[in-house]
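Residues in the sequence shown are numbered consecutively from 17, following my numbering. From the three backbone atoms N, C-alpha and C, an ideal C-beta is built for every residue, glycine too. If you're wondering where the values come from, they're calculated on a predicted model, not measured in any experiment. Reviewing the structure listed below.
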Amino acid sequence: MKLDPFYLIVPSATWIERLVPLGVKLVQLRVKEGTEPSLRGEIRAARAVCERHDCQLIVNDHWRLAIDEGCDFIHLGQEDLADADVAAIRRAGLKLGLSTHDHDELETALAAEPDYVALGPVYPTILKAMKWAPQGLDRIAEWKRRAGRLPLVAIGGLNVARIDGVFAQGADSAAVVTDITLNADPEARTREWLAATARWR
């Protein structure tokens with residue numbers, strides 16, 4: 017499996033409606049809280065936009081809803097993986113991406129036979145509190161050696177200036193959240209990312 021090198025992560029379907037039409041081909045819907053009806057609404061709206069624009073939608077965490085809503089890709093953190101029914105996810109035909117932050121988590125992730133693994137934070141991040149120190153570029157190369165053919169996603173503190181560094185170390189995709197969502201002009205920043213990752217596509 018090949019991932020687009022630009023992996024956008026956003027907190028709502030509204031963001032997907034805003035940015036995916038610019039040419040984004042890989043996006044994660046990361047809604048951390050909400051009632052089941054509101055989460056279903058977010059997933060349905062995001063899926064409709066992605067289908068119109070030939071963009072791969074990845075749903076974060078809510079694997080049961082993703083199955084119910086006919087999605088085909090989910091992403092789980094380690095705690096969510098521990099509670100998830102991976103067999104049910106596979107029976108439903110969903111692809112699976114997993115977060116990793118240290119060697120033990122990588123072993124746990126690889127044992128689940130995911131479709132990609134993510135490593136983070138590569139650089140300091142403001143997205144959420146982390147007990148892990150920034151991994152640095154060398155860790156990307158190590159993770160890629162251990163993951164083999166499995167696509168590797170780099171995440172955490174990435175911006176346009178840091179993209180080439182993570183790809184040079186073997187990452188297959190660069191994930192971004194706050195560099196776009198907190199930017200004064202998210203559309204312009206998204207276009208910068210699209211242009212900067214074009215040669216890796």
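Worksheet entry | Complete runs of the alpha helix (DSSP H) confined to the stretch 39-106 [at least 4 residues] | Taking only runs of at least 4 residues, the alpha helix (DSSP H) segments lying wholly in the stretch 39-106 are 52-68, 79-84, 94-99.
- prompt: Are the beta-carbon atoms belonging to Ile90 and Val102 less than 7 Å from one another?
  reply: Here residue 90 refers to the residue found at position 74 when the sequence shown is read from its first residue. Here residue 102 refers to the residue found at position 86 when the sequence shown is read from its first residue. Contact flag unset, no.
Roughly how many angstroms separate the alpha carbons of Gly173 and Gly109, rounded to a whole number? Position 157 of the sequence shown, counting from 1, holds the residue named residue 173. Position 93 of the sequence shown, counting from 1, holds the residue named residue 109. In a straight line, the C-alpha of Gly173 is about 32 Å away from that of Gly109.
Note to self: Quick check on Ala204: buried or exposed, where buried means 16 or more other Cβ atoms within 10 Å of its Cβ?
What the structure shows: To locate residue 204, count along the sequence shown from 1; it is residue 188. When all chains shown are included, Ala204 counts as exposed.
Under three-state DSSP, which class holds Lys160?
As a first step, residue 160 is located in the sequence shown; it is residue number 144 there, counting from the start. In this structure, Lys160 counts as helix in the three-state DSSP scheme.
From this set, His117, Leu35, Asp96, which residue's C-alpha is nearest Gly152's C-alpha?
Within the sequence shown, the letter at position 136 stands for residue 152. Looking at the Cα atoms, His117 is the closest of the given residues.
His119, buried or exposed, once every other Cβ within 10 Å from all chains shown has been counted against 16: Against the sequence shown, residue 119 aligns to sequence position 103. That one is exposed.
ask   = Which stretch, first to last residue, makes up the alpha helix (DSSP H) that contains Ile179?
value = As a position in the sequence shown, residue 179 is number 163, starting the count at 1. Element bounds for Ile179: 179-184.
State buried or exposed for Arg63, treating a residue as buried only when at least 16 other CB atoms are found within 10 Å of its CB. Looking up residue 63 in the sequence shown gives position 47. Label assigned to Arg63: buried.
Mapping DSSP to helix, strand and coil, what is Val193?
Taking the sequence shown and counting its residues from 1, one reaches residue 193 at position 177. Looking at Val193 - three-state DSSP - the assignment turns out to be coil, as it is neither helix nor strand.
- In or out: Leu198 buried (at least 16 other Cβ within 10 Å) or exposed? If you number the sequence shown from 1, residue 198 lands on position 182. Looking at its Cβ environment, which holds fewer than 16 other Cβ atoms inside 10 Å, Leu198 is exposed.
Where Leu153 falls: helix, strand or coil (DSSP): If you number the sequence shown from 1, residue 153 lands on position 137. In the structure shown, Leu153 sits in a helix (DSSP, three-state: H, G or I).
Q) Under the DSSP definition of a beta bridge, which residues are partnered with Ile171? A) Indexing the sequence shown from 1 puts residue 171 at position 155. Beta-bridge annotation (DSSP): Ile171 is not paired with any residue.
Look up Val133 in the DSSP assignment and say whether it is helix, strand or coil.
-> Taking the sequence shown and counting its residues from 1, one reaches residue 133 at position 117. Strand, per DSSP.
Take Leu55 and list the residues in its own chain whose beta-carbon comes closer than 7 Å to its own, dropping the five residues that flank it on each side.
As a working mapping, residue 55 is identified with position 39 in the sequence shown. Result list for Leu55: Val47, His78, Leu81, in chain order.
| query | If we count the other Cβ atoms within 10 Å of its Cβ and call it buried at 16 or more, is Gly113 buried or exposed? | reply | Translated into positions along the sequence shown, residue 113 becomes position 97. Result: buried.
For this session: Mark Ala98 as exposed unless 16 or more other C-beta atoms lie within 10 angstroms of its C-beta, in which case mark it buried.
Result: Walking along the sequence shown from the start, residue 98 turns up at place 82. Answer is exposed; the Cβ neighbour count stays below 16.
Please classify Leu35: does DSSP put it in a helix, a strand, or coil? Your numbering for residue 35 matches position 19 in the sequence shown. Residue state, collapsed to three classes: helix.
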